[in-house]
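Trainee: My questions all concern the structure below.
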Amino acid sequence: MKAVGIIAEYNPFHNGHKYQIEQARRATNADAVIVIMSGNWVQRGQPAILDKWTRTQMALENGADMVIELPVQCAVQPADIFARHAVNILASLKCEWLSFGSEHPDINFNELANIDLKETKIDQDYTKSYAELIRDALTNATGEDVSAPNDVLSLNYAIANLKNNHQMKLVPIKRNGANHHDHDLNNNGSIASASSIRAAILDNSQELFQYLPDSTDIEDFKNHVAWEDFWPLLKYKIETSSIDELNHIYQMTEGLEYRLKKYIYEAQSFDEFLRLVKSKRYTYARLQRLFVYTLLNWRKSDDLSQEYVRVLGFNKSGRAYLNDIKKQIEMPVITKINKELSESELNFDVVSGRIYENINHIPQDAGKIPLIY
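Going by this note's numbering, the sequence shown opens with residue 31, and the numbers climb by one from there.
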């Protein structure tokens with residue numbers, strides 16, 4: 031059996047994601063579509079609006095054959111680290127192809143992956159983030175505006191595939207419909223951005239359902255969450271931590287602990303706190319990730335590099351594929367969380383799941399087994 035891998039967050043799953051799965055299968059004629067998906071906390075430092083089991087079910091109902099959880103310590107990271115871990119896990123699952131959505135699918139991402147930032151001298155601009163440097167490198171190499179987040183992620187996937195000597199063939203799929211960060215629903219089509227759909231969910235808008243697959247159940251959205259729901263927990267954590275304790279939090283640099291301590295007493299909401307802490311030096315995503323690290327108590331001394339295959343769900347084809355390649359997988363394969371596992375390499379996932387279930391009140395890890403569709 032041959033598989034195509036997709037890296038996703040499905041925050042939440044919508045028609046654009048269904049389209050990508052269909053196109054990836056059509057382009058490769060793969061026997062199985064394997065999705066590696068962020069769990070309850072996503073790359074930009076936000077709680078997923080729906081929990082990982084609900085999103086897994088949506089994916090299985092709409093073409094995915096198996097869904098694997100990207101460990102939380104791999105998911106809530108800058109794009110290059112996120113990409114490296116996700117690509118490594120898909121490669122360990124012996125995927126022959128790696129498919130991703132792109133605004134510019136005709137770009138030769140393999141060729142661009144060989145770009146040396148040092149040779150381009152772009153990296154000498156220390157006022158820019160890594161993501162901005164990557165965007166500049168893409169634009170300089172192609173002569174096109176490739177600032178869309180999906181293009182930047184696509185290049186990071188290509189770099190991870192190349193630098194780690196993986197052999198997956200890249201299959202870019204043209205993004206269909208709305209732009210990645212559009213905040214308004216487009217009433218003329220069936221595809222909207224995840225950002226606009228999340229906003230519609232939080233507003234309890236009934237218009238959002240035209241942008242979701244027919245299998246979507248309105249009951250799925252009753253337990254949605256947002257950062258604001260976690261605000262009391264984050265506020266308590268920062269208020270009761272000393273400056274020294276905050277300084278030991280992962281990625282707490284350049285005196286950010288002082289800004290957190292200063293503004294935690296002034297802010298009346300999460301959004302206000304984020305705006306107060308924000309400066310030109312830090313992106314909103316960088317700060318939101320830092321807030322996740324603080325809430326989950328990740329420390330600079332923690333080993334955040336563990337990779338494993340946590341199976342969230344599969345159908346008949348997905349199970350057959352897993353059985354076919356299981357002995358070739360060089361990472362731990364986990365289908366059920368027991369006490370021993372919850373206290374070992376899965377501790378980050380288990381703790382983050384407990385924090386999440388404090389808000390949505392749905393068990394996330396203890397005793398859970400893969401969904402079977």
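Glycine included, every Cβ here is placed at the ideal spot set by N, Cα and C. Bear in mind the structure is a predicted one, so any value in this text is a computation, not a measurement.
Excluding the 5 residues preceding and the 5 following Ser245 in the sequence, name in chain order all residues of the same chain whose CB lies nearer than 6 Å to its CB.
Mentor: Glu91
Trainee: Which residue wins for smallest C-alpha separation from Thr270, given the options Tyr295, Tyr351, Leu242, Trp328?
Mentor: Tyr295
Trainee: Using a Cβ distance threshold of 8 Å, determine whether the stretch 131 to 138 contacts the stretch 79 to 90, with at least three qualifying pairs required.
Mentor: no
Trainee: Quick check: the Cα distance between Ile359 and Ala229, rounded to an integer number of angstroms?
Mentor: 39 Å
Trainee: What separation, rounded to the nearest whole angstrom, lies between the Cα atoms of Met67 and Asp110?
Mentor: 16 Å
Trainee: Beta carbon of Ile143, beta carbon of Leu183: below 8 Å?
Mentor: The residue asked about is misnamed: residue 143 is Ala in this sequence, not Ile. Going by C-beta atoms, Ala143 is not nearer than 8 Å to Leu183.
Trainee: Counting contacts by CB-CB distance shorter than 8 Å, is Pro108 in contact with chain C?
Mentor: The structure shown contains no chain C, having only a single protein chain.
Trainee: Quick one: give me the first and last residue of the beta strand (DSSP E) that Phe130 is part of.
Mentor: 127 to 132
Trainee: Drop a sphere of 10 angstroms on the beta-carbon of Asn368, count the other beta-carbons inside from all chains shown, and report buried for 16 or more, exposed for fewer.
Mentor: exposed
Trainee: When the Cα atoms are used, what is the spatial distance from Ile268 to Asp379?
Mentor: 21 Å
Trainee: Expressed to the nearest angstrom, what Euclidean distance is found between the alpha-carbon atoms of Asn45 and Ser226?
Mentor: If I take the Cα positions, the gap works out to 13 Å.
Trainee: According to DSSP, Gln76 sits in a beta bridge with which residue or residues?
Mentor: Val72
Trainee: Could you compute how far the alpha carbon of Thr324 sits from the alpha carbon of Arg56?
Mentor: Going by the C-alpha atoms only, they are around 43 Å apart.
Trainee: DSSP three-state call for Gly343: helix, strand or coil?
Mentor: strand
Trainee: Looking only at C-alpha atoms, which of Asn70, Gly75, Leu168, Lys199 sits nearest to Ile36?
Mentor: Lys199
Trainee: Looking only at its chain, what residues have a beta carbon closer than 7 Å to the beta carbon of Tyr293, apart from the 5 residues adjacent to it on each side?
Mentor: Excluding sequence neighbours, Tyr293 sits near Phe303, Leu306, Val307.
Trainee: So, with DSSP's three-state summary, where would you put Pro135?
Mentor: coil
Trainee: Helix, strand or coil for Trp356? Go by DSSP, reduced to three states.
Mentor: Sequence check: residue 356 is Lys here, not Trp. Three-state result, Lys356: helix.
Trainee: Less than 8 Å between C-beta atoms, sequence neighbours within five positions excluded: which residues of the same chain meet that for Ile364?
Mentor: Tyr338, Val339, Arg340, Val341, Leu371, Leu376
Trainee: DSSP has Ala33 in a bridge; who is on the other side?
Mentor: Ala62
Trainee: For Ala54, I'd like the list of residues in its chain whose CB is within less than 8 Å of its CB, leaving aside the five on either flank, ordered along the chain.
Mentor: Val34, Ile36, Ala60, Val63, Trp127, Ser129, Val201, Ile203
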